[in-house]
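Below is one structure; the comments refer to it alone.
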Amino acid sequence: MLWETLGTARDIGRLNELASVLIRYGFGDVLRRLGLANVFNVAGKALHWKHAAEITQLESPVRFCHALAEMGPTFIKLGQILATRSDLFPPEWTAEFEKLQNHAPPVSFELICKQLQEDLGCSPQQAFAEFNPTPFAAASIAQVHRARLHDGAEVIIKVRRPGIRPVMEADLRLLARIAEVMESESPTLRRFRPREVVRQFTHSLKRELDLLAECRNAERVANNFKNNPNIVIPKVYWSWCSERINVQQFIDGISGRNIAAVEQAGLDRKLLAKYGGQAALKMILIDGFYHADPHQGNIFYLPENRIAFIDFGMVGRLSFERRHQVVQLLHSMVELDASRVVDVLLTWAGDPPLNSENLTFEVEEFVDKYHGVSLKSFHLSMMLTELISLLREYGLSLPPDIIILIKALIALEGVALQLDPDFNMVSEAKPLLHQLMLERYAPDALAKRGWQAIVDTGELLSGLPQDLQQLLRSARSGRFQLHIDVTRLKAFGNQLDRAASRVAIGNVVAAMIIGSSIVMTVDGGPTLFGLPLFGILGFLSAAVGGIWLLFSIWSSGRWK
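What follows is the structure, encoded as structure tokens:
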């Protein structure tokens, strides 16, 4: 089926590369279960596979992540995205996916220099007062070099990996086709919406391939925090930026990974945690535009207890309605309102066919254990993690944007807790959640939504005569068609069709028995064993038809 869906031959070479990696890692698991690991090792040596013996000893999550890393940047990025899908994968899988954050070997300076010269029109040593050829950092899509402008400004230069775009585009086409096959052929996988996941991943990856998009994201966040002196976003030097290069201010601070240095620098860890938590809540609940990859390497602590966020290649966006749903969910969790929590979750899951009463009961049990617990004992990350585990038990999956949001919230709370073990995201969020709920149902907000509903209704009514005219015109011309697809009615029709077939066969069998009986009483004609031949043939045919009819009834499970 997969080969039938491949509409072009241009991706066959890449597909062969990916398949060879998957076979090497996946086939080892099958052989190990069959007790044929030694055969795999011998085959690996013959085909010059590296570390074939070790592969058979790896656990499935580790082996799968090794395969993703070997398959290249697209699949490394896919693994990083899958690390956010805790609603689909158990903890041991997501933990391995998170390790892919560091699987990015640097590109040689010769290749980087050649590409920079094409984009800058001159060598990097000429374009900048200083340029360090040793990579400062390397990621799956780009790598970073330090430099200094001629005006003395210290900057970082992010350069997209040479030749990465055509490879990633081929990978994305293959993933899209695989998702189509999964969704059409597997009802079990269909509920995970693989096509939607791949679509979201494709959009996200294409945005990250354009390094100008990261600059626009950084400036948008910087504008949202322009009145907050505690949050720093790197300045963008637009004159040097293009699709394959972006140049931003170098942040000289303490990495979020080095908590000991924060203590030594005399910074207020509690205050830093508070500022970080408030910034996260503002980005998510108020701005609807947030840093979607806030791991410790993307956060720096600066003098005067300031916090800098870097690397806005991956951002999250929330519509106004989605923000309200998030506020409603968090507010209901804080207020221990299980029924409203279930309402939001089912809305996100697309109202799947399940017993919502059982889910409500489970959520009530989940919420009930927090009754009487002081607010300081609430941990938002723990509550969200437990809630996602509960959804996974019911086979529910959440929209990708919500999963990315939850992952960002959990990561940000984790960073804050490292700074201040007593930090409580729920305590920080509760006043803001109450404020946003009040604003949602304030008289002016209700009036605004009511007026919009009136306008929408008016537009619908004003267009109704034209719609009716088009409908009648189609009916007169014979082009009007009404299609009704009722699954149960179709099944009922199939049952009637089978019943009619059985009745027809039964009538034919009865007629042949009666006819053969009459033939047996008539003299003349060919005989067999002294009996009329046609009568015998009629009885045999009736016997075959009767046996088929009995077998058909028995195999349908309706034997009585």
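Going left to right, the sequence shown walks through residues -5 to 554 as the working numbering numbers them. Yeah, the Cβ is synthetic: ideal placement off N, Cα and C, and Gly gets one too.
Whose CA, out of 343, 342, 323 and 409, lies closest to the CA of residue 334?
For the residues 343, 342, 323 and 409, the minimum Cα distance to residue 334 belongs to 323.
Mapping DSSP to helix, strand and coil, what is residue 528?
Helix, per DSSP.
Express the C-alpha separation of residue 325 and residue 420 in angstroms, rounding to a whole number.
Spanning the two alpha carbons is a distance of roughly 10 angstroms.
Can residue 125 and residue 150 be called in contact, C-beta distance under 8 angstroms?
Not in contact: residue 125 and residue 150 (Cβ atoms no closer than 8 angstroms).
Buried or exposed for residue 470, going by 16 or more other Cβ atoms inside 10 Å?
So residue 470 ends up on the exposed side.
Return yes when the Cβ of residue 152 is within less than 8 angstroms of the Cβ of residue 240, no when it is not.
The answer is yes: Cβ separation under 8 angstroms.
What is the DSSP secondary structure of residue -3, reduced to helix, strand or coil?
Note that residue -3 scores 43 on pLDDT, short of 50, meaning its location in the model is unreliable; the coordinates nonetheless yield the value given after this. Looking at residue -3 - three-state DSSP - the assignment turns out to be helix.
Hey, is residue 531 close to the ligand SAH, as in C-beta under 7 angstroms from one of its heavy atoms?
The ligand SAH is not among the ligands present in this structure, which contains no ligands whatsoever.
Determine the closest residue to residue 54 out of 67, 66, 89 and 213, with distance taken between C-alpha atoms.
With distances taken between Cα atoms, residue 54 lies closest to 89.
Where does residue -4 land, buried or exposed, given buried means 16+ other C-beta within 10 angstroms?
Below a pLDDT of 50, predicted positions are generally treated as unreliable, and residue -4, at 45, falls in that range; no measurement from the model is reported.
First and last residue of the alpha helix (DSSP H) that includes residue 290?
Looking at the DSSP string, residue 290 is not in any alpha helix (DSSP H), and its letter there is neither H nor E.
So what does DSSP say about residue 390, is it helix, strand or coil?
DSSP places residue 390 in coil when its eight states are reduced to three.
Do you know how far the Cα of residue 140 is from the Cα of residue 242?
Whole-angstrom Cα-Cα distance: 10 angstroms.
Does DSSP put residue 130 in a helix, in a strand, or in coil?
In the structure shown, residue 130 sits in coil (DSSP, three-state: anything other than H, G, I, E or B).
For residue 109, which residues does DSSP report across the bridge?
None; residue 109 has no bridge partner.
Near residue 343, which residues of its chain fall below 8 angstroms by C-beta distance, leaving aside the five closest residues on each side in sequence?
Only 385, 390, 391 and 392 meet the Cβ criterion.
How far does the beta strand (DSSP E) with residue 301 in it extend, from its first residue to its last?
Taken as a continuous stretch (DSSP letters only), the beta strand (DSSP E) holding residue 301 covers 300 to 303.
Thinking C-beta only, is residue 249 closer than 8 angstroms to residue 294?
Yes, the pair counts as a contact, with Cβ atoms nearer than the cut-off.
By the three-class DSSP mapping on this structure, what secondary structure does residue 98 have?
Here residue 98 sits in coil by DSSP.
Which value, in whole angstroms, describes the spacing of the CA atoms of residue 74 and residue 455?
Cα-Cα distance, rounded: 48 angstroms.
By the DSSP assignment, the alpha helix (DSSP H) with residue 325 in it spans what residues?
Where residue 325 is concerned, the enclosing alpha helix (DSSP H) stretches over 314 to 328.
Of all the options 202, 176 and 170, which has the alpha carbon lying nearest to the alpha carbon of residue 159?
That would be 202, whose Cα lies nearest to the Cα of residue 159.
One question on the structure: do residue 317 and residue 282 come within less than 8 angstroms of each other, judged by their Cβ atoms?
Going by C-beta atoms, residue 317 is nearer than 8 angstroms to residue 282.
If you count every other CB in all the chains shown that lies within 10 Å of the CB of residue 376, and 16 or more means buried, which is it?
Looking at its Cβ environment, which holds fewer than 16 other Cβ atoms inside 10 Å, residue 376 is exposed.
Once DSSP output is grouped into helix, strand and coil, what is the label at residue 252?
Coil at residue 252, not helix or strand.
Grab me the residues of residue 544's own chain with a C-beta within less than 6 angstroms of its C-beta, minus the 5 sequence neighbours each way, in chain order.
Correct list: empty, nothing qualifies.
Measure the C-alpha to C-alpha separation of residue 245 and residue 358 and round it to an integer number of angstroms.
So the two alpha carbons sit approximately 46 angstroms from each other.
Would you mind reading off the limits of the alpha helix (DSSP H) that contains residue 75?
Looking at the DSSP string, the run of the alpha helix (DSSP H) that includes residue 75 is 67 to 76.
If you draw a straight line from the alpha carbon of residue 526 to that of residue 501, how long is it in whole angstroms?
Approximately 23 angstroms, taken between the alpha carbons.
Please state whether DSSP places residue 147 in a helix, a strand or coil.
Coil, per DSSP.
I need the DSSP call for residue 373, collapsed to helix, strand or coil.
Of the three classes helix, strand and coil, the one that applies to residue 373 here is coil, per DSSP.
Mapping DSSP to helix, strand and coil, what is residue 521?
Three-state result, residue 521: strand.
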